[in-house]
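Residue numbers (the numbering used here): 21 to 345.
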Amino acid sequence: MRAAVLRNWGAPDELRVESVPDPTPCDGEALVELRAAALNWHDVIVRQTGRGAQLPSILGMDGAGVRRDTGEEVVIYPGLNWGDKAAGPGPGFGVLGDADDGTYAELIAVPEAMLYPKPAHLSWLEAAALPCAALTAFRAVFTRAGLQPGETVLVLGAGSGVSTFAVLFAAASGAEVYVTSSSTAKIDSVRGLGARGGVLYTEPGWPAAVAESTGGGVDVIVCGVGSELADALSCLKTGGRIALFGARAGQAVGFDAATLYFRQASILGTTLGSPDDFARMLEFVTAHELRPVVDRVYPLDEIAAAHTYLETGGQLGKVVIDITA
């Protein structure tokens, strides 16, 4: 099969498409003929640092394709060994593309339990955009923050895959959605996904602008950048919740503890999502006929260019790889 193989940690051009042996499924596994894969920032971190992986490596958490033995069209759950507790992953938890080969390939062998039916209304490119980002957003918005219809939610950093899905999910659930961004163009774009409005976080005093726009603050904040926590707290209504799904390792975050306890606020950490979260996310996407935002599509041969583009941070939604091109 053809696969994008990483033989050295480093720059995007370390990713090179090669011919490698087909994977052989073990007991309880199935072989999937991948039609599309998608990029995540996690892939960039692993490529640069080797964190959690070993060489040679085939990266990629997101994928959709055809199960070879049955012909079923499937989407792959990106987590490994979540465990039996809904509260969080167990000690052996990992993701595709780290210690195990990932989806930047024509074929992948994965446990049968990781395969879920592809939503029928989605193309292969759209389906491949779902796993990591949509799962992370769904768990943050619903499982952890418990967003309810009629509540107000602020999604920080409009543009990433997770934040884009958070806007889609929250709006579809009947919540009032606002965003922050460094770009007025991105704010205008997410209005088309259901956001009521947005503010530039590059402007001084943006939390006050959020409070004014929302008539007093928000019930839920979805946050993927730990450094924004301090400012975000001042946007919360009493009893509000912050779902934090991302931060740099070792990052120190300072905030006013008095604001936290006087407002009865909760900060809720969240990581990817359980298999049950994944199943419920797919059901939600199907029921509401939601379509992921695909920013750019690259053939597998241009995987290095795809990584280079992702690193610019200019995307709105997901960067996807067409394995069949």
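Glycine is no exception: its CB is placed at the ideal position from the N, C-alpha and C atoms. Please read all numbers here as calculations on a predicted model, not as lab measurements.
- Between the beta-carbon of Thr258 and that of Arg283 there is about 5 Å, and that keeps the pair under the 8 Å contact cut.
- Distance from the Cα of Val175 is smallest, within the candidate group Gly85, Ala50, Arg88, Ala157, for Ala157.
- Fewer than three Cβ pairs drawn from the region 131 to 138 and the region 217 to 224 lie within less than 8 Å of each other, which leaves the two stretches out of contact.
- Proximity of the region 47 to 61 to the region 87 to 104 meets the contact definition, three or more beta-carbon pairs being nearer than 8 Å.
- Val273 sits exposed, since fewer than 16 C-beta atoms from the chains shown fall within 10 Å of its C-beta.
- Beta-bridge partners of Leu176 (DSSP): none assigned.
- Secondary structure note for Cys46: it is in no alpha helix (DSSP H), with a DSSP letter that is neither H nor E.
- By the criterion of a C-beta distance shorter than 7 Å, Ala228 is surrounded by no residue of its chain, once the five residues flanking it on both sides are discounted.
- Taking the Cα positions, Pro151 is about 24 Å away from Pro169.
- DSSP, reduced to helix, strand and coil, places Tyr97 outside both helices and strands of the structure shown, so it counts as coil.
- In this structure, the CA atom of Glu232 is about 16 Å from the CA atom of Glu171.
- With at least 16 other beta carbons inside 10 angstroms of its own, Lys206 counts as buried.
- The three-state secondary structure of Tyr124, taken from DSSP, is coil.
- Spatial neighbours of Gly194 in its own chain (CB-CB distance under 7 Å, excluding positions within 5 residues in sequence) are listed in chain order as Pro169, Gly170.
- Collapsing the DSSP output to three states places Leu253 in a helix.
- Judged by DSSP in its simplified three-state form, Thr222 adopts coil rather than helix or strand.
- For Lys338, the uninterrupted beta strand (DSSP E) run begins and ends at 338 to 342, by DSSP.
- Under the criterion of beta carbons closer than 8 Å, Val64 and Leu336 do not qualify as touching, at roughly 17 Å.
- Comparing alpha carbon positions, the residue from Leu155, Asn28, Thr328, Arg311 closest to Thr69 is Asn28.
- Under the DSSP assignment, Asp315 falls in the beta strand (DSSP E) whose first and last residues are 314 to 319.
- Using a C-beta cut-off of 8 Å, the region 284 to 294 makes contact with the region 103 to 118, since at least three inter-stretch Cβ pairs fall below that distance.
- For Ser286, same chain residues with a beta-carbon under 6 Å away, outside a window of 5 residues either side, are Arg261 in chain order.
- Counting only the Cα atoms, Phe189 lies some 25 Å from Thr123.
- Here Ala24 is buried, its C-beta having at least 16 other C-beta atoms within 10 Å.
- Pairing Asp342 with Ser254, the inter-Cα distance amounts to about 43 Å.
- DSSP places Pro151 inside the alpha helix (DSSP H), whose first and last residues are 151 to 158.
- Boundaries around Thr69 are those of the alpha helix (DSSP H), 61 to 69, since no beta strand (DSSP E) includes it.
- Under DSSP, Pro227 takes part in no beta bridge, so it has no partner.
- Look at the region 273 to 325 and you find these whole runs of beta strand (DSSP E), each 3 residues long or longer: 286 to 289, 314 to 319.
- Distance from Ala324 to Asp33 at the Cβ level is roughly 5 Å; contact confirmed, criterion being Cβ atoms closer than 8 Å.
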